[in-house]
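This report refers to the structure that appears directly beneath it.
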Amino acid sequence: MKKALHKLTLAVLIAAFILTLAGCGSDDTLKKNITGSWTCRGIDVTDSIMEGMREEAGSDAEVEALISNLNVGLLTVDYLLDIREDGTFVLSVDQSSAGKMADQLSDAVADAMYTYIEAELEKLANESGMTLDTLMSVLGCSSMDEVIEISLGGQSLAEYCDEVFAESEIQDILAEATESGTYSVKSGKILLSGDSSTISLIEYDEKSNTISLTESGFDTPFIFTRR
Numbered sequence: 006m007k008k009a010l011h012k013l014t015l016a017v018l019i020a021a022f023i024l025t026l027a028g029c030g031s032d033d034t035l036k037k038n039i040t041g042s043w044t045c046r047g048i049d050v051t052d053s054i055m056e057g058m059r060e061e062a063g064s065d066a067e068v069e070a071l072i073s074n075l076n077v078g079l080l081t082v083d084y085l086l087d088i089r090e091d092g093t094f095v096l097s098v099d100q101s102s103a104g105k106m107a108d109q110l111s112d113a114v115a116d117a118m119y120t121y122i123e124a125e126l127e128k129l130a131n132e133s134g135m136t137l138d139t140l141m142s143v144l145g146c147s148s149m150d151e152v153i154e155i156s157l158g159g160q161s162l163a164e165y166c167d168e169v170f171a172e173s174e175i176q177d178i179l180a181e182a183t184e185s186g187t188y189s190v191k192s193g194k195i196l197l198s199g200d201s202s203t204i205s206l207i208e209y210d211e212k213s214n215t216i217s218l219t220e221s222g223f224d225t226p227f228i229f230t231r232r
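Counting from 1, position 189 in the sequence shown corresponds to residue 194 in our numbering; the numbering is continuous, with no gaps.
This is the structure:
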């Protein structure tokens, strides 16, 4: 009986040891599979951007009204994930996609500002008993664009908005959106430990060669493909 128990205990220990070795090998393979550069395209940041603009507006009713009339469409950016052999990672926003998003936002702001300025001038013209064309003539302008350029010190509305969403502003956004830290692979689970948060990489799909990132702060997980 004792010999049988001894053999059974020994068999269990051997099996546990084999499973441990298999797990180590699997983790090494997993680490090798995830190491490299990844990208997640077309993340919807519309709500985040609009919320940030409203926070910046504060209690300014005119700015709030302008933001409410913005037709920005869908604002998206691409995220980049670099997983390195030394056990570190960097998660960041792709600069090119952020620039395109800023251009799209700038165009929307320019359109909304044009509509707002035109409505205000029409109101002023009505209060003065004039038509809009007559008011522009009094101001020495032949078009709405001329009126806007005068009010902006010689800049066009497009130039003004481009200046507002200048590259330096984009760089600040990119810096705030960048996360770096270390990662670990244990028992088939991947964990990214960042400076300001902990992000779980819960799955590497070998068949599709993709990584799913959760706890990103967005409603849906990020699905990264290789770059």
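By construction, the Cβ of each residue, glycine as well, lies at the ideal position given by its N, Cα and C atoms.
Reference residue i, options the options, closest by Cα
i, options, result
"Glu-168", "Leu-129, Asp-108, Ala-130", "Asp-108"
"Ser-189", "Thr-93, Arg-46, Gly-57, Tyr-84", "Thr-93"
"Leu-144", "Asn-131, Leu-218, Leu-126", "Leu-126"
"Ala-103", "Asp-49, Ala-70, Tyr-121, Glu-67", "Asp-49"
"Ala-182", "Met-141, Val-82, Glu-132", "Val-82"
"Ala-117", "Leu-162, Gly-199, Asp-52, Arg-231", "Leu-162"
"Tyr-119", "Asn-74, Asp-138, Ser-147, Leu-85", "Asn-74"
"Leu-110", "Lys-212, Thr-34, Ser-147, Leu-79", "Leu-79"
"Gln-160", "Lys-105, Arg-231, Asp-65, Ala-115", "Ala-115"
"Arg-89", "Asp-177, Leu-35, Asp-150, Met-149", "Leu-35"
"Cys-45", "Met-106, Met-55, Ser-97", "Ser-97"
"Ala-70", "Ala-180, Asp-33, Glu-211, Ile-122", "Ile-122"
"Thr-225", "Ser-217, Gly-41, Leu-86", "Ser-217"
"Ala-180", "Ile-155, Leu-129, Val-95, Glu-154", "Val-95"
"Glu-184", "Asp-200, Lys-191, Asp-177, Ser-192", "Asp-200"
"Gly-57", "Ser-192, Gly-47, Ile-72", "Ile-72"
"Arg-232", "Ser-142, Glu-60, Asp-99", "Asp-99"
"Gly-41", "Ser-213, Asp-91, Tyr-165", "Asp-91"
"Asp-87", "Leu-157, Trp-43, Glu-154, Cys-166", "Trp-43"
"Leu-85", "Gly-47, Glu-208, Thr-136", "Gly-47"
Range covered by the beta strand (DSSP E) that runs through residue i
i, result
"Val-190", "184-191"
"Thr-230", "227-231"
"Ser-198", "194-199"
Residues sharing a beta bridge with residue i, DSSP
i, result
"Phe-170", "None; Phe-170 has no bridge partner."
"Gly-158", "None, per the DSSP bridge assignment."
"Val-2", "With the chain covering only 6 through 232, there is no way to say anything about residue 2."
"Tyr-209", "Ile-216"
"Thr-93", "Thr-187"
C-beta atoms of residue i and residue j nearer than 8 angstroms
i, j, result
"Thr-187", "Ser-205", "no"
"Phe-229", "Thr-215", "yes"
"Leu-140", "Ser-133", "yes"
"Val-77", "Ala-113", "yes"
"Ile-195", "Ile-54", "no"
"Lys-191", "Asp-32", "yes"
For residue i, the first and last residue of its enclosing alpha helix (DSSP H)
i, result
"Ser-73", "66-73"
"Ser-142", "137-143"
Fully enclosed by the stretch 25-57, which beta strand (DSSP E) runs are 3 residues long or longer?
You should have 41-49.
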